[in-house]
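In this note's numbering, the protein residues as written are 4 to 93.
For glycine and all other residues, C-beta sits at the position ideal for the given N, C-alpha and C.
The structure appears right after this line, and notes come after that.
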């Protein structure tokens, strides 16, 4: 385990990891830019996404399909649009 820990600091390993970080940064930028174009979502309801590969958005009750709730809506989006969401509290 110490050998593996030391490998984390190798130049090749750090370079590989930085490549992944850049991919996440690019994807996050695309997602945030697209969310900004949706007039029904108030930009103050989009949590800062400074370091993650995920974005949290409070859609509000008015943007959840009637009768679904967030869990069912996320399941439907996954099945029909092939986009994964994590539901919040209903």
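Sequence-distant residues of its chain with Cβ nearer than 6 Å to residue i (five each side left out)
i: residue 77; result: 88 and 90
i: residue 56; result: 27
i: residue 58; result: 34 and 52
i: residue 31; result: 52
Length of the line joining the Cα atoms of residue i and residue j
i: residue 4; j: residue 49; result: 40 Å
i: residue 16; j: residue 24; result: 12 Å
i: residue 29; j: residue 9; result: 29 Å
i: residue 93; j: residue 18; result: Residue confidence for residue 93 is low, a pLDDT of 47 falling below 50, so the modelled location carries little weight; the figure read from the coordinates is stated next. If you take the alpha carbons of residue 93 and residue 18, they lie about 41 Å apart.
i: residue 3; j: residue 7; result: Since the first and last residues shown for the chain are 4 and 93, residue 3 lies out of range.
i: residue 72; j: residue 41; result: 20 Å
i: residue 64; j: residue 83; result: 21 Å
i: residue 11; j: residue 54; result: 20 Å
i: residue 21; j: residue 61; result: 30 Å
i: residue 13; j: residue 36; result: 35 Å
7 Å Cβ shell around residue i - same chain, five flanking residues per side excluded
i: residue 68; result: 76
Identity of the residues DSSP links to residue i by a beta bridge
i: residue 49; result: 60
Inter-residue CB distance, residue i and residue j (contact presumed, cutoff 8 Å)
i: residue 86; j: residue 80; result: 5 Å
i: residue 46; j: residue 39; result: 7 Å
Cβ shell of residue i (< 8 Å), same chain only, five flanking positions each side left out
i: residue 66; result: 43 and 44
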